[in-house]
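**Student:**
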Amino acid sequence: MCSPAEAPSFFGCGRRLRTLFALAAALLAAWPAAGRQLTFSIDGVDHPAFSLRDVRIVLDAGAGSADLRIGRVDAVGFSVRDLGLHCAVFRFSASALICEGGRLDLPGLPGGVATVLQVDPSRRSGTLRLRFSPGETLVLTVERSGAVKARFQALDFARLAAVLPVLARWQPQGRLSGSAGYTPADGGELKLAVTLDQGAFSSADGLQAGERLAFSLDASARRLGGGWRWQASADWKAGEAYLHPLYLTAGPRLQAAGSYADGRVEVRSAALTLDGVRSLAANAVFDLRTGRLDDAGLAIADADLAVIGPIFIAPLVAPAQTDRLKFAGHASVGLRIIDGNLVALDAALDQAGFSLDGTGVSFGPVSGVVPWRSDAATEAVLKVKGGRWQALQLGEFELMARLHGRQWEVPRLRIPMLDGALVFERLALQHGDAGWSGRGGVVVEPVSMLMLTRALGWPEMAGVLSAALPGLRVSPGEVVLDGTLVVSVFDGYLQVSELRLLEPFGVAAHLYADIDARHIDLAQLTHTFSFGSISGYVDANVTGLELAGWRPVRFDARVVSSPGSYPRRISQRAVQNIGALGGAGAVAAIQRSVLRFFDSFGYREIGLSCVLANGVCQMGGLGDVAGGGYRLVRGGGIPALNVIGYNRQVDWQELIDRLQGAIASNAAPIIR
Numbered sequence: 092m093c094s095p096a097e098a099p100s101f102f103g104c105g106r107r108l109r110t111l112f113a114l115a116a117a118l119l120a121a122w123p124a125a126g127r128q129l130t131f132s133i134d135g136v137d138h139p140a141f142s143l144r145d146v147r148i149v150l151d152a153g154a155g156s157a158d159l160r161i162g163r164v165d166a167v168g169f170s171v172r173d174l175g176l177h178c179a180v181f182r183f184s185a186s187a188l189i190c191e192g193g194r195l196d197l198p199g200l201p202g203g204v205a206t207v208l209q210v211d212p213s214r215r216s217g218t219l220r221l222r223f224s225p226g227e228t229l230v231l232t233v234e235r236s237g238a239v240k241a242r243f244q245a246l247d248f249a250r251l252a253a254v255l256p257v258l259a260r261w262q263p264q265g266r267l268s269g270s271a272g273y274t275p276a277d278g279g280e281l282k283l284a285v286t287l288d289q290g291a292f293s294s295a296d297g298l299q300a301g302e303r304l305a306f307s308l309d310a311s312a313r314r315l316g317g318g319w320r321w322q323a324s325a326d327w328k329a330g331e332a333y334l335h336p337l338y339l340t341a342g343p344r345l346q347a348a349g350s351y352a353d354g355r356v357e358v359r360s361a362a363l364t365l366d367g368v369r370s371l372a373a374n375a376v377f378d379l380r381t382g383r384l385d386d387a388g389l390a391i392a393d394a395d396l397a398v399i400g401p402i403f404i405a406p407l408v409a410p411a412q413t414d415r416l417k418f419a420g421h422a423s424v425g426l427r428i429i430d431g432n433l434v435a436l437d438a439a440l441d442q443a444g445f446s447l448d449g450t451g452v453s454f455g456p457v458s459g460v461v462p463w464r465s466d467a468a469t470e471a472v473l474k475v476k477g478g479r480w481q482a483l484q485l486g487e488f489e490l491m492a493r494l495h496g497r498q499w500e501v502p503r504l505r506i507p508m509l510d511g512a513l514v515f516e517r518l519a520l521q522h523g524d525a526g527w528s529g530r531g532g533v534v535v536e537p538v539s540m541l542m543l544t545r546a547l548g549w550p551e552m553a554g555v556l557s558a559a560l561p562g563l564r565v566s567p568g569e570v571v572l573d574g575t576l577v578v579s580v581f582d583g584y585l586q587v588s589e590l591r592l593l594e595p596f597g598v599a600a601h602l603y604a605d606i607d608a609r610h611i612d613l614a615q616l617t618h619t620f621s622f623g624s625i626s627g628y629v630d631a632n633v634t635g636l637e638l639a640g641w642r643p644v645r646f647d648a649r650v651v652s653s654p655g656s657y658p659r660r661i662s663q664r665a666v667q668n669i670g671a672l673g674g675a676g677a678v679a680a681i682q683r684s685v686l687r688f689f690d691s692f693g694y695r696e697i698g699l700s701c702v703l704a705n706g707v708c709q710m711g712g713l714g715d716v717a718g719g720g721y722r723l724v725r726g727g728g729i730p731a732l733n734v735i736g737y738n739r740q741v742d743w744q745e746l747i748d749r750l751q752g753a754i755a756s757n758a759a760p761i762i763r
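Numbering-wise (this note's numbering), the sequence shown opens with residue 92 and increments by one.
Written as structure tokens, this is what we have:
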């Protein structure tokens with residue numbers, strides 16, 4: 092009856108409604124008393140602030156009541172279907188339409204809402220009062236000028252979620268108070284002022300939640316041409332929130348201004364007041380139709396890392412160490428996004444650094460700039476004062492990198508370490524859809540093993556660590572090092588080759604390598620690890636080594652005496668410890684009656700093997716002997732003895748426990 096095509100304005104429709112109600116009153120007056128009921132429908136009612144569709148009105152003169160059904164109500168920001176209003180007392184005249192003892196039925200609000208409606212058709216004005224509970228009210232007023240105003244007090248936030256399903260999944264709580272309004276003058280203006288007290292929310296998975304929240308929001312918008320010019324301010328006054336993985340508390344304040352037209356929201360300026368940041372400003376253009384960020388800029392000036400680091404950085408990079416990770420220095424960041432893609436980023440660090448309490452781990456301070464452009468070449472320069480891992484000290488160094496889009500090049504980076512250095516050469520990296528890839532070379536300039544073992548808290552060892560790995564290759568989830576790492580130690584050397592890392596920075600990191608050791612002085616080795624005393628030399632081969640989570644899960648290891656002529660003696664304690672590796676009853680001696688009188692024995696050869704798989708070591712030695720055993724030490728000289736192992740399969744953790752027990756024990760063994 093009052094469709095959009097027939098009623099371009101609410102006021103034109105209002106005249107038709109007055110005529111309709113006057114006709115209805117006349118018909119009811121002339122209708123027989125027993126059947127004075129009239130039903131009529133309205134296709135639609137349009138107003139700049141709202142619209143109604145599928146309106147059905149039933150007037151019952153006999154009962155003095157009325158029923159109103161609305162198929163759909165559309166207002167700024169939301170839409171509601173299937174509204175119903177029952178008026179126990181309904182009066183209508185040319186100057187007044189009154190509904191008393193009313194009940195408004197809304198989806199999600201069982202039992203309805205107590206309602207009073209007063210309308211003056213002649214003045215085209217009216218008031219709707221809703222009382223949800225004592226002290227919880229909503230008053231909606233339409234004025235002759237076309238202005239619409241709403242005042243609400245202590246509204247239960249959960250009721251709003253019942254009307255707006257988009258909020259339901261957040262299970263909101265709290266009380267809303269404030270006002271909202273629309274004024275048609277000068278093209279139209281919208282205003283909103285709302286406060287939230289004792290607010291709370293939570294997601295179904297518990298990863299987003301808040302409690303004891305207090306917010307205030309003030310916003311306004313004025314129509315200009317074919318769009319709207321708006322401004323808003325928000326203040327988080329109280330409460331706390333967990334937005335996984337960030338824990339946030341009250342304090343931030345936001346001011347923003349912009350425009351809206353043709354489905355595009357433009358944020359011309361936005362400023363966020365945040366503890367620890369001198370200024371944070373942003374602008375953006377967002378297309379609501381495509382859901383795309385067309386253009387955006389962000390500038391963070393002079394952020395105090397000691398303040399914002401524990402809140403925003405630590406939970407993202409090291410969530411398990413948030414309480415122990417400390418930051419220092421300042422940082423400034425600017426970025427630009429176009430068509431949803433990052434096209435420019437500038438970062439400046441001033442004496443920035445971090446440390447991990449209780450571990451002796453620290454890095455920095457770092458100062459410098461990192462300018463990056465998606466379509467241009469730039470150069471980053473960072474000066475690092477050093478770092479520390481427990482007693483392992485890194486010296487001062489400078490990082491210079493050439494940046495061009497997704498390509499990063501570091502011609503040479505030398506990081507001093509103790510009396511040597513870790514050097515990266517011709518490092519070229521590229522970031523693709525699957526991740527980082529690239530190549531380069533790594534050199535470890537000779538480092539004193541004595542200084543290194545002291546720094547790491549290991550038993551002190553003499554010797555030198557060095558490496559030449561010219562074939563560093565990086566691919567998504569994998570690092571391959573072609574070349575060798577050499578450790579000169581115990582008058583011999585260890586050589587590590589075929590190094591490969593899978594997911595090096597993940598929780599399931601895997602390392603693969605082969606290790607060869609030659610001419611290792613057993614006297615120095617056993618003295619260093621308190622294993623007893625053995626003179627002589629051994630060679631070792633570890634092939635197919637696999638570490639998962641930095642723990643061995645697979646390898647084939649063999650240790651045998653080095654060829655050549657040299658003194659070969661073994662102490663009672665070393666005999667006992669070697670025998671313990673092969674299980675109980677591993678020692679079988681020649682000339683048992685005189686063994687108790689000797690502190691050491693001659694031997695011809697030592698041999699031990701372990702093939703680790705599925706947590707079990709398949710043990711072996713120099714060869715099999717009668718009774719199912721295997722020889723660990725072949726006797727030689729006077730007095731001489733053989734050490735025989737009988738356990739072919741030994742749990743890996745049990746073997747480690749035996750070895751640690753042998754090293755930890757200082758008690759002299761008893762051989763009978």
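Where is the CB? At the ideal position from N, CA and C, for every residue including glycine.
Based on the DSSP output, what are the partners of L231 in its beta bridges?
**Tutor:** Bridge partners of L231: L219 and A241.
**Student:** Taking a contact to mean a Cβ-Cβ separation below 8 Å, would you say F248 touches L229 in this structure?
**Tutor:** No, they are not a contact pair.
**Student:** Taking the Cβ atom as the reference point for each residue, do R172 and R182 lie within a distance shorter than 8 Å?
**Tutor:** No, the Cβ-Cβ distance between R172 and R182 is not below 8 Å.
**Student:** According to DSSP, is M508 part of a helix, a strand, or is it coil?
**Tutor:** If DSSP states are grouped into helix, strand and coil, M508 belongs with the strands.
**Student:** Assign W327 to buried or exposed, taking buried as 16 or more other Cβ atoms, counted over all protein chains shown, within 10 Å of its Cβ.
**Tutor:** Buried, by the Cβ-count rule.
**Student:** Excluding the five sequence neighbours on either side, which residues of its own chain have a C-beta within less than 6 Å of the C-beta of R763, listed in chain order?
**Tutor:** Because R763 sits at a pLDDT of 26, beneath the cut-off of 50, its placement in the model cannot be relied upon, and the following sentence gives the value as read from the coordinates. Contacts found: none.
**Student:** For the pair the stretch 378-393 and the stretch 419-438, tell me if three or more CB-CB distances fall below 8 Å.
**Tutor:** Result yes; three or more Cβ-Cβ pairs closer than 8 Å.
**Student:** Considering just the uninterrupted stretch of the beta strand (DSSP E) at Q442, what are its terminal residues?
**Tutor:** Run containing Q442: N432 to L447, per the beta strand (DSSP E) assignment.
**Student:** Is the separation between the beta-carbon of A310 and that of R320 shorter than 8 Å?
**Tutor:** Result no, Cβ atoms of A310 and R320 do not sit closer than 8 Å.
**Student:** Since V535 and G511 are thought to touch, with beta carbons under 8 Å apart, how far apart are those beta carbons, to the nearest angstrom?
**Tutor:** Indeed, because the Cβ distance is near 7 Å, the residues count as touching under 8 Å.
**Student:** Sorted by chain position, which residues of the same chain lie with C-beta nearer than 6 Å to L473's C-beta, five sequence neighbours on each side aside?
**Tutor:** Around L473: V457, G459 and L490.
**Student:** Where do the N-terminal and C-terminal ends of the beta strand (DSSP E) with T340 fall, by residue?
**Tutor:** Taken as a continuous stretch (DSSP letters only), the beta strand (DSSP E) holding T340 covers L337 to T340.
**Student:** What residue does the beta strand (DSSP E) around M542 start on, and which one ends it?
**Tutor:** First-last for M542: M540 to L547, but that is the alpha helix (DSSP H), not the beta strand (DSSP E).
**Student:** Using the Cα positions of P263 and L560, report the straight-line distance between them to the nearest angstrom.
**Tutor:** Near 58 Å, if we compare the C-alpha coordinates of L560 and P263.
**Student:** May I have a chain-ordered list of the beta strand (DSSP E) segments no shorter than 3 residues that lie completely inside the stretch 556-595?
**Tutor:** 569-580 and 583-593, all fully within the stretch 556-595.
**Student:** So, helix, strand or coil for A252, using DSSP?
**Tutor:** Three-state result, A252: helix.
**Student:** Suppose contacts are defined by Cβ-Cβ distances below 8 Å. Is A362 in contact with A372 by that definition?
**Tutor:** In this structure, A372 lies closer than 8 Å to A362 by Cβ.
**Student:** Which class does T206 belong to by DSSP, given the choice of helix, strand or coil?
**Tutor:** Note: T206 maps to strand in three-state DSSP.
**Student:** Taking the CB atoms as reference points, tell me whether V501 and F488 lie closer together than 8 Å.
**Tutor:** Going by C-beta atoms, V501 is not nearer than 8 Å to F488.
**Student:** Pick out whichever of T575, S579 and G736 has its Cα sitting closest to the Cα of V587.
**Tutor:** The shortest C-alpha separation from V587 is found at T575.
**Student:** Let's test the definition: count the other Cβ atoms within 10 Å of the Cβ of D137 and tell me whether it reaches 16, buried, or not, exposed.
**Tutor:** Per the 10 Å Cβ criterion, buried.
**Student:** If you reduce the DSSP assignment to three classes, tell me which class I729 lands in.
**Tutor:** In this structure, I729 counts as coil in the three-state DSSP scheme.
**Student:** Please tell me whether L509 and Q481 are closer than 8 Å, where the distance is taken between their beta carbons.
**Tutor:** No. Outside cutoff.
**Student:** Comparing C-alpha positions only, which one of V724, L638 and P139 sits nearest to A276?
**Tutor:** That would be P139, whose Cα lies nearest to the Cα of A276.
**Student:** Is DSSP giving A717 helix, strand or coil here?
**Tutor:** Reduced to three states, the DSSP call for A717 is coil.
**Student:** What separation, rounded to the nearest whole angstrom, lies between the Cα atoms of Y721 and A631?
**Tutor:** Y721 and A631: Cα-Cα distance of roughly 18 Å.
**Student:** Measure the beta-carbon distance from R503 to E516 and round it to whole angstroms, keeping in mind my assumption that it falls under 8 Å.
**Tutor:** That pair is a contact at about 6 Å.
**Student:** In this structure, what does DSSP give as the bridge partners for A387?
**Tutor:** According to DSSP, which records beta bridges pairwise, A387 is partnered with A375 and I428.
**Student:** With a cut-off of 8 Å on the beta carbons, I'd call V702 and D647 a contact; round off their distance for me.
**Tutor:** About 5 Å; that satisfies the 8 Å criterion.
**Student:** Let me check understanding here. Comparing Cα to Cα, which of R359, Y338 and T340 lies closest to A348?
**Tutor:** Here the closest residue by C-alpha is R359.
**Student:** What whole-angstrom Cβ distance do S624 and T617 have, given they're in contact under 8 Å?
**Tutor:** Contact flag correct, Cβ pair sits at about 6 Å.
**Student:** Express the C-alpha separation of A397 and L339 in angstroms, rounding to a whole number.
**Tutor:** Each residue's Cα considered, the two are about 16 Å apart.
**Student:** Would you say W261 and S236 are within 8 Å of each other, going by their C-beta atoms?
**Tutor:** Cβ distance not < 8 Å, so W261 and S236 don't count as in contact.
**Student:** Within 10 Å of its beta-carbon, does W641 have 16 or more other beta-carbons around it, so buried, or fewer, so exposed?
**Tutor:** By the neighbour-count rule (16 or more Cβ atoms within 10 Å), W641 is not buried but exposed.
**Student:** Whose CA, out of S566, M710, Y351 and T232, lies closest to the CA of G217?
**Tutor:** The shortest C-alpha separation from G217 is found at T232.
**Student:** Whose CA, out of I148, R493, S539 and H335, lies closest to the CA of P507?
**Tutor:** The shortest Cα separation from P507 among I148, R493, S539 and H335 belongs to S539.
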